[in-house]
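Input: a single structure, listed below in structure tokens.
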Amino acid sequence: MKIGVLKTDDVRKELVGEYGEYPEMFADLLRSQDSTLEFTTYEVQHGQYPHQVDEVDAYLITGSKSGVYDDKEWIPPLMDFVRKLHDRKKPTIGICFGHQLIAQALGGRAHKSDKGWGLGVHSYEMQETPSWMSEPVDSFNLLVTHQDQVVTLPPGGRILASSEFCPMAMLQVDDHMLTFQAHPEFTKPYSNSLMELRREAFGTDVVEKGQASLQNDIHENAVARWMLEFLRK
């Protein structure tokens, strides 16, 4: 399977040398479950798109420091492309910004939450176990860095997992789009480094709470398997 990564941001220059860029993080995560996977990166933040939708088998939209509501010239074309993927029923995964963008592009809504920043390890309760999921669980943990949230489902969307902090944390839209607010591609060292780098912006209390949560387990490998199961079903 060949996955097209729609890259919507760059890793901070202070961290990229140690942790790599977002497409590398996703490749590492997903290849841990299937070493035969191929990846192609499209710099959609710079206007780069596939010549044809079927150039790859599936798509993955990365996280970003941008908000889906920001007045940036590259965001409306990406929303148009998401609508094209939806019309074609192309298997697509959205992560963080990608999660919010899919919802917003297809008629839902995302905005900045008054709950503030979510950092570190968050836990989610499953609300529905879809038929494609071969490893059903009651809950799972993942790393997060977000302030924006999806607040209105798009038509055809349903909530698969939620938390008190983020009620729309894992969504499925029809049978071809799966989205997560959290970051299965993040590692604990990267999350910790990002919190330290942005301590002033996040706030010391929030950072310290987020860093303390890093002692909790994360279930990135199970989520990676879900992602591949969804794309292949």
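Anchor point for the sequence shown: position 205 equals 205 in the UniProt record's numbering, and the numbering is continuous, going up by one each time. Even glycine gets a Cβ: it sits at the ideal position worked out from N, Cα and C.
Pair within 7 Å by beta-carbon distance, residue i and residue j
i, j, result
"W226", "M133", "yes"
"V144", "H122", "yes"
"G67", "D148", "yes"
"V44", "K90", "no"
"A201", "P154", "no"
"I95", "F186", "no"
"G210", "L119", "yes"
"L30", "A224", "yes"
"I160", "E128", "The amino acid occupying residue 160 in the given sequence is Leu; Ile does not appear at that position. A contact, by the Cβ cut-off of 7 Å."
"Y190", "Y19", "yes"
"T8", "F97", "yes"
"residue 240", "M177", "Residue 240 lies beyond the residue range present for the chain, which begins at 1 and ends at 233; the question has no answer from this structure."
"T152", "R109", "yes"
"Q100", "V150", "yes"
"F165", "K233", "no"
Supposed close pair residue i, residue j - CB separation, criterion 8 Å
i, j, result
"L6", "I61", "5 Å"
"T40", "V56", "6 Å"
"M79", "L231", "Not a contact, Cβ separation roughly 21 Å."
Paired residues, beta bridge with residue i - DSSP
i, result
"A161", "M126 and M170"
"Y42", "L6"
"T152", "R109"
"G47", "G47 pairs with nothing; no bridge assigned."
"L143", "V121 and H183"
"M177", "T92 and V173"
Buried versus exposed call for residue i [16 or more other C-beta atoms within 10 Å across all chains shown]
i, result
"L197", "exposed"
"residue 254", "The requested residue 254 is not part of the displayed model; the chain covers only 1 to 233."
"H183", "buried"
"E220", "buried"
"A212", "exposed"
"H146", "buried"
*Enumerate, from N- to C-terminal direction, the unbroken alpha helix (DSSP H) stretches of 4 or more residues contained entirely within the stretch 54–88.*
As summarised for the stretch 54–88, the continuous alpha helix (DSSP H) elements at least 4 residues long and confined to that stretch are 75–87, given in chain order.
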